[in-house]
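> Numbering (this note's numbering), first residue to last: 2 to 483.
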Amino acid sequence: MQQWTAALKEGEHMSAVSGADNSGTVLPELKLYNTLTRQRENFAPLDSKLVRMYVCGPTVYDLAHIGNARPVIVFDLVYRLLRHLYGPAHVKYVRNITDVDDKINARAAQDHPGLDLNEAIAKVTFATEAQFHDDLEALGVLHPDVEPRATEHIAEMRELIERLVASGHAYVAEDHVLFSVPGMPDYGQLSHRPLEDMIAGARVDVAPYKRDAMDFVLWKPSKPGEPGWSSPAGIAVPGRPGWHIECSAMSWKHLGETFDIHGGGIDLVFPHHENEVAQSRCAFHTGIMAKTWMHNGFLQVEGEKMSKSLGNFVTIRDLLADWPGDVLRLNMLKTHYRQPIDWTVKGLEESAKTLEQWFDAAAIEAYPRPAPAVLEALCDDLNTPKAIAEMHALKDHAGKKALAGTLAFLGFEAARVEAWSVAHAPVLAISGPEIEARIAERIAARRNRDFAASDRIRDELLAQGVALKDNKDGTTTWEAKR
């Protein structure tokens with residue numbers, strides 16, 4: 002496997018303002034599917050000098066599962082693409098950490114029963130966040146420009162809530178603050194869900210103090226022993242924020258009242274993202290929160306929905322024990338981000354072979370930019386299946402430098418795969434010369450039409466971790482079998 006590097010220097014990027022990169026290559030037009038409008042649109046940032054993107058991050062109470070990895074990988078690619086098109090200094094990517102939640106409280110009490118709950122929560126959240134970052138590094142994911150923690154933005158949450166109460170979009174009831182959905186006539190414009198479906202979703206949290214079944218919590222009182230902060234809107238008891246207000250506050254703090262792209266999984270469209278839109282628009286009196294909403298499709302495992310009850314709940318950490326992160330990354334990108342993906346062992350095996358072929362074919366010296374055909378595919382609503390097809394064409398023709406540059410741009414590193422291969426190399430129970438001698442013995446048996454002996458030798462070698470392959474030219478090659 003060849004080792005190669007790509008030196009993408011500062012300033013060697015495409016400029017969406019000028020329409021060409023430093024080499025004079027004409028820019029493809031970036032088109033993205035917008036969940037808000039239900040159509041593909043030409044992308045143009047609200048501020049030509051800064052592209053701003055917010056993506057919902059993890060709730061840090063447990064190891065991230067492979068479904069959590071999909072939005073992380075998808076929006077890492079969006080981030081890479083935007084940095085290439087506009088320049089690293091002109092893109093700001095925010096991905097949050099949710100560190101206040103009922104699941105976190107429960108896990109902290111379970112794992113550290115002898116500690117004060119606040120101390121236990123700190124241990125759980127910081128350890129889980131560190132595990133998350135380790136997993137993402139193995140997947141080749143870049144760090145966002147800002148990674149805010151929810152608990153660091155309580156002041157911004159209180160301010161948003163105060164604004165909503167003052168404008169009549171929220172009300173206080175039994176030490177809770179709730180958003181009044183009927184006060185927003187166009188509520189539901191993001192999810193486009195029928196009223197009955199939204200009411201059913203809202204009733205997951207049925208409460209007698211709600212004025213309307215659709216109203217949702219912005220702030221709630223803390224139970225004894227739980228984390229709590231000084232409450233807004235004149236409430237005397239300590240409390241904590243609702244989930245939805247957290248992202249509105251963090252995106253406002255770091256990206257402003259309106260920004261370009263908001264991303265996440267399709268499962269977040271309702272109620273989380275719908276409620277974010279409602280809070281932010283009503284607090285700031287704007288027509289939009291984000292201009293473009295991007296959502297990745299669901300993930301299932303071996304044809305079934307992933308769940309602990311089915312025994313197919315797989316963490317990123319589990320998979321990294323058996324596969325290099327680059328294989329997981331490629332396997333995720335083979336399916337278009339808006340389509341559902343079926344995560345299978347067969348797919349992982351195919352991705353591993355593809356990646357090995359690409360690394361073997363790539364030149365040691367790399368172009369400092371992706372191949373134009375790959376870039377054009379990615380600018381067409383992140384069409385990764387087409388981009389991958391173009392990479393196969395580079396491998397099969399005279400595109401070795403372009404292939405190397407494209408691999409680097411997409412976040413793949415030969416060194417990571419090489420290190421994994423060495424660490425996971427099988428220990429053979431037989432030496433190389435002994436293998437060659439047995440292969441020669443088997444070839445002789447086949448010439449004598451002693452097929453029983455030929456099969457026996459093949460099976461004996463396989464039992465010792467050696468897989469044989471009979472080639473069309475009459476030769477036999479072998480490889481260590483994991």
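Even for Gly, the Cβ is constructed at its ideal location relative to N, Cα and C.
Can you name, in chain order, every residue of its own chain whose Cβ lies under 7 Å from the Cβ of arginine 447, other than the five neighbours on each side?
Ser455
> Once DSSP output is grouped into helix, strand and coil, what is the label at leucine 191?
Secondary structure of leucine 191 (DSSP, three-state): coil.
> Taking DSSP's pairing of strands, which residues face tyrosine 34 in a bridge?
Arg41
> May I ask you to verify whether the region 353-366 touches the region 324-337, counting CB pairs closer than 8 Å and requiring at least 3?
yes
> Below 8 Å CB to CB, which residues in the same chain sit around histidine 193 once its five sequence neighbours on both sides are set aside?
Arg39
> Taking 8 Å as the limit between beta carbons, can you name the residues of its chain near tryptophan 479, skipping five residues before and five after?
These residues qualify, in order along the chain: Ile436, Ile440, Leu462, Val467, Ala468, Leu469 and Lys470.
> Out of curiosity, what's the CA-to-CA distance linking phenylalanine 44 and asparagine 119?
Looking at the backbone, the Cα of phenylalanine 44 and that of asparagine 119 are separated by about 44 Å.
> Looking at the strands, I want to know which residues DSSP matches up with leucine 469.
Trp479
> Helix, strand or coil, according to DSSP, for aspartate 343 in the structure here?
DSSP places aspartate 343 in strand when its eight states are reduced to three.
> Just the C-alpha distance for glycine 12 and arginine 53, rounded to the nearest angstrom, thanks.
Low local confidence applies: a pLDDT of 37 at glycine 12 is under 50, so the model's placement there is unreliable, and no value is given.
> Could you compute how far the alpha carbon of threonine 407 sits from the alpha carbon of tyrosine 368?
8 Å
> Could you compute how far the alpha carbon of asparagine 449 sits from the alpha carbon of lysine 396?
41 Å
> If you run the structure through DSSP and keep just helix, strand and coil, what is tryptophan 324?
coil
> Keeping to the same chain, check which residues put their C-beta closer than 6 Å to that of leucine 37; ignore five residues upstream and five downstream.
Leu191 and Trp294
> Which class does arginine 370 belong to by DSSP, given the choice of helix, strand or coil?
Secondary structure at arginine 370: coil, using DSSP grouped into helix, strand and coil.
> Where do the ends of the alpha helix (DSSP H) carrying histidine 144 lie?
Looking at the DSSP string, histidine 144 is not in any alpha helix (DSSP H), and its letter there is neither H nor E.
> On the three-pair Cβ rule with 8 Å, is the region 308-327 touching the region 137-156?
Result yes; three or more Cβ-Cβ pairs closer than 8 Å.
> When the Cα atoms are used, what is the spatial distance from threonine 99 to tyrosine 62?
9 Å
> Taking buried to mean at least 16 other C-beta atoms within 10 Å of its own C-beta, is arginine 457 buried or exposed?
Counting Cβ neighbours within 10 Å, arginine 457 comes out exposed, since fewer than 16 surround it.
> In this structure, does DSSP put asparagine 297 in helix, strand or coil?
strand
> Taking buried to mean at least 16 other C-beta atoms within 10 Å of its own C-beta, is threonine 484 buried or exposed?
Since the first residue of the chain shown is 2 and the last is 483, residue 484 is not available in this structure.
> Leaving out five residues on either side along the sequence, give the residues of the same chain with a beta carbon under 6 Å from the beta carbon of lysine 482.
Gly466 and Ala468
> The alpha helix (DSSP H) that contains valine 75, what's its start and end?
Per DSSP, valine 75 belongs to the alpha helix (DSSP H) from 67-87.
> Assuming arginine 96 contacts glycine 58 under a Cβ cut-off of 8 Å, what Cβ separation, rounded to an integer in Å, is found between them?
4 Å
> May I ask you to verify whether the region 101-115 touches the region 80-92, counting CB pairs closer than 8 Å and requiring at least 3?
no
> Work out the CA separation of leucine 383 and alanine 237 for me, nearest whole Å.
Put simply, the backbone Cα of alanine 237 is about 49 Å away from that of leucine 383.
> Contact check, proline 72 vs glycine 243 under 8 Å by CB: the rounded distance?
Between glycine 243 and proline 72 the Cβ distance is about 21 Å, and since that is not below 8 Å, they are no contact.
> Going by C-alpha distance, which of Val315, Lys292 and Ala128 is nearest proline 46?
Proline 46 has its Cα closest to that of Lys292, out of Val315, Lys292 and Ala128.
> Kindly identify the DSSP beta-bridge partner or partners of methionine 54.
Tyr94 and Ile262
> Taking the Cβ atom as the reference point for each residue, do cysteine 248 and glutamate 277 lie within a distance shorter than 8 Å?
Yes; because the gap between Cβ atoms is below 8 Å, this pair is in contact.
> Taking 8 Å as the cut-off, decide whether the C-beta atoms of leucine 196 and alanine 250 are in contact.
In terms of Cβ geometry, leucine 196 and alanine 250 do not form a close pair [threshold 8 Å].
> Which two residues bound the contiguous alpha helix (DSSP H) that contains lysine 387?
385-397
> Once DSSP output is grouped into helix, strand and coil, what is the label at glycine 240?
strand
> What are the boundary residues of the beta strand (DSSP E) that lysine 221 is part of?
Following the DSSP letters along the chain, one finds lysine 221 inside the beta strand (DSSP E) bounded by residues 217-222.
> Please classify leucine 463: does DSSP put it in a helix, a strand, or coil?
helix
> Going by C-alpha distance, which of Lys224, Gly226 and Ile200 is nearest alanine 214?
It is Ile200 whose Cα lies nearest to the Cα of alanine 214.
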